[in-house]
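Everything below concerns the one structure shown next.
2 protein chains.
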Amino acid sequence: MEQLCFGVDIGGTTVKIGLFQMDGSVIDKWEIPTRKEENGRYILEDVKNSLNSKLAEKNYSKDQVEGVGIGVPGPVTSDGTVLKCVNLGWDVFNVEEEFGKLTELKVKAGNDANVAALGEMWQGGGKGYHNMVLVTLGTGVGGGIILDDKILDGSRGAAGEIGHITVDYDEKDACNCGKRGCLEQYASATGIVKEANRLLASTDKASAIRNNPSLTAKDIFDAAKEGDELSLELVEKLGRHLGLALSHVSAVVDPECFVIGGGVSKAGEILTEVIKKHYEQNVMFALKNKEFKLALLGNDAGIYGAARLVLDK
Amino acid sequence: MEQLCFGVDIGGTTVKIGLFQMDGSVIDKWEIPTRKEENGRYILEDVKNSLNSKLAEKNYSKDQVEGVGIGVPGPVTSDGTVLKCVNLGWDVFNVEEEFGKLTELKVKAGNDANVAALGEMWQGGGKGYHNMVLVTLGTGVGGGIILDDKILDGSRGAAGEIGHITVDYDEKDACNCGKRGCLEQYASATGIVKEANRLLASTDKASAIRNNPSLTAKDIFDAAKEGDELSLELVEKLGRHLGLALSHVSAVVDPECFVIGGGVSKAGEILTEVIKKHYEQNVMFALKNKEFKLALLGNDAGIYGAARLVLDK
């Protein structure tokens, strides 16, 4: 009898769900709304009903389900306790136990950023590697570290907080985290635009990205690909900040490869190449020549990684 | 019948050996010379003979020996293969297999810096913690990372190369590793003195450390403790470089504590306090308030850690 597993990625607006074969092939994927009312008390019930409906629809029996993996937007301890998920209204409780009781299935939970890294390792940009680091360049800059096929959580669930590595010692503005000079201030989608506006204000040089009130990171990469000088300068500086931060990461955990994801990574190889260039300049010989890959799963990384959680003992 | 384990720390000049109870109490410790002739082919034989003599001397039977842990000065893969130990003349071979055949005992091997970290976790400055980072400030700056009671080796055995994290972007001189601005250039015993000479050359200010042709890191700490202004400035800068590098380490692996060892750490709490101060300024809120401890085992960390290797499955 074919065995299956579910991957559930609980976000602030929608819950993404995937039904997988044990080898990582997706059978189906879908979304349900995240009901946040009454401190999110209906969320797990809604997920359970959705899983059951899917099994019925596909004519699968519950005995075929090996387990359910869940990614949540907040820290999760190794026993499955969530330490508040502000975005969902959740307080402290053991989500593995709770959802296990509801469904009578094996349940494994993890932080969503870390779970996404596991997904990229399993079926995405890091496929075939066992030690990798996912860097997500989106609204913020997140990270997930996989060592020997397992998520590294850290002693307080804060491992892989790559976005808050200090990369500029002279920064005057504060990061969202309160300190100054964090990678996130330069390498998030908003950070990239902020740096562009700083550069544009400092010079009169003509540029394709000037006078664009809705300037985005994509505009800057597009202009850089066309040879726009200021945009190329911005991409170079972004690569320097990221390359430097990832050189630190490498000196600590020595991964096989880095996978770059998030909206900003749609820029493609221009991004991985400039990161790699600055990375190589900042690592000792023993850490040179690592792989830099683009993430492949986009918003589905979470459901893949959640499903992969089930495969661990 | 009482169970025992041996910890062996093979260095370029001497082999340190310890006989331990399983709870980490040392029964005896001693040294033998490292015979490096003929590419170090006699080293393992010498160690075997020394272990057997000790068992005979103490009237222990070989059945009581749970195993032997070995720390070697070079990279070791997870299956026990040493990838050349230049200091010993060794080429590539599996030291666990080889010494296992010689002794008919269970043998586990690891890199000496990592093994020392394990020793400090087991019976030293990191006792009671399961996730810690040892930073060794000696001739060079080394590191060892322990996660969930286990050594982190990294994909090429280069995890924990903390000494080669870039901390100064403007450095003109090259580190031994070839790149510029490595932590080791400022925080090793020689780096500290070099920084002192730079500072002394840049100012006419009177100082207790001026005109000392055999200036050491200890002299600088001693003068700082007496309130010498230039020495205090040097200690502050050292703390800044170390605090910054350890803030990066924390953002990656989120350990419970840092343990500072090596000759420089004899300076004591003045050192851990100035590191902690700069560390706190450079980490995000989730990573604040980590413990900073002094290493306790000195040159014995290696034999403790090697013995501790035997306890792992």
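Protein sequence lines correspond, in order, to chains A and B. Counting from 865, one number per residue, gives the positions in the first sequence under our numbering. Counting from 865, one number per residue, gives the positions in the second sequence under our numbering. Note that CB positions come from ideal geometry on N, CA and C, so glycine has one too.
Against chain A, with Cβ distances strictly below 9 Å, would residue i count as a contact?
i	result
threonine 1030 (chain B)	yes
methionine 886 (chain B)	no
leucine 1016 (chain B)	yes
tyrosine 1033 (chain B)	yes
cysteine 949 (chain B)	no
cysteine 1046 (chain B)	yes
Flag this pair as yes or no: are the beta carbons of residue i and residue j separated by less than 9 Å?
i	j	result
glycine 1008 (chain A)	alanine 981 (chain A)	yes
lysine 893 (chain A)	glycine 931 (chain A)	no
leucine 1063 (chain A)	glutamate 1097 (chain A)	yes
glycine 1018 (chain A)	aspartate 1068 (chain B)	no
valine 879 (chain B)	threonine 898 (chain B)	yes
leucine 1175 (chain B)	methionine 886 (chain B)	yes
isoleucine 907 (chain A)	isoleucine 1167 (chain A)	no
glycine 1103 (chain A)	isoleucine 1139 (chain A)	yes
alanine 1171 (chain A)	glycine 933 (chain A)	yes
leucine 915 (chain B)	threonine 967 (chain B)	yes
glycine 935 (chain A)	valine 997 (chain A)	no
leucine 1011 (chain A)	leucine 1011 (chain B)	yes
leucine 1016 (chain B)	glycine 1024 (chain B)	yes
glutamine 987 (chain B)	glycine 904 (chain B)	no
Near residue i, which residues of its chain fall below 8 Å by C-beta distance, leaving aside the five closest residues on each side in sequence?
i	result
lysine 1152 (chain B)	Glu1144
alanine 1022 (chain B)	Pro939
glutamine 1049 (chain B)	Asp1032, Glu1035, Asp1037, Cys1039, Gly1055 and Lys1058
alanine 1115 (chain A)	Val1147, Met1148 and Leu1151
glutamate 1093 (chain A)	Lys1069 and Ser1071
asparagine 1061 (chain B)	Leu1079
aspartate 943 (chain B)	Asn958 and Glu960
glutamate 1120 (chain A)	Tyr993, His994, Asn995, Met996, Lys1154 and Glu1155
glutamate 962 (chain B)	Leu908
If you drop the 5 nearest sequence neighbours on each side, which residues of the same chain put their C-beta closer than 7 Å to that of residue i?
i	result
glycine 1045 (chain A)	Thr1030, Val1031, Asp1032, Tyr1033 and Glu1035
glutamine 867 (chain B)	Met886, Gln928 and Glu930
arginine 1074 (chain A)	Leu1064
alanine 1081 (chain A)	Ala1053, Ile1056, Val1057 and Val1128
glycine 875 (chain A)	Thr898 and Pro937
aspartate 1083 (chain B)	Ile1073 and Asn1076
histidine 1112 (chain A)	Ile1029
tyrosine 924 (chain A)	Leu868
aspartate 976 (chain B)	Asp873, Gly935, Val936, Pro937 and Gly1166
lysine 1089 (chain A)	Ile1134
lysine 918 (chain B)	Leu883 and Asp892
lysine 948 (chain A)	Gly938, Trp954, Asp955 and Val956
List the residues of chain A whose Cβ lies closer than 7 Å to the Cβ of residue i, in chain order.
i	result
alanine 1023 (chain B)	Val1116, Val1117 and Asp1118
serine 1019 (chain B)	Asn995, Asp1118, Pro1119 and Glu1120
So with CB distances below 9 Å, who are the chain B contacts of residue i?
i	result
histidine 1112 (chain A)	Ile1029, Thr1030, Ala1109, His1112, Val1113, Ala1115 and Val1116
isoleucine 1009 (chain A)	Val1116 and Val1117
Under 8 Å Cβ-Cβ, which residues of chain B neighbour residue i?
i	result
isoleucine 1026 (chain A)	Ala1115 and Val1116
phenylalanine 1178 (chain A)	Nothing can be reported for residue 1178 (chain A), as the shown portion of chain A is limited to 865 through 1177.
asparagine 1220 (chain A)	For residue 1220 (chain A) there is no data in the structure shown, the boundaries of chain A being 865 and 1177.
Near residue i, what residues of its chain come up, given a Cβ to Cβ distance below 6 Å and the 5 sequence neighbours on each side ignored?
i	result
glycine 1169 (chain B)	Val979, Ala980, Leu982 and Gly983
threonine 1000 (chain B)	Gly1006, Gly1125 and Gly1126
glycine 989 (chain A)	Val1123, Lys1157, Leu1158, Ala1159 and Leu1160
isoleucine 891 (chain B)	Leu883
cysteine 1041 (chain A)	His1028
lysine 912 (chain A)	Leu966 and Thr967
Inset, instruction - May I ask you to verify whether the stretch 1128–1145 of chain B touches the stretch 943–955 of chain B, counting CB pairs closer than 8 Å and requiring at least 3? - result: no
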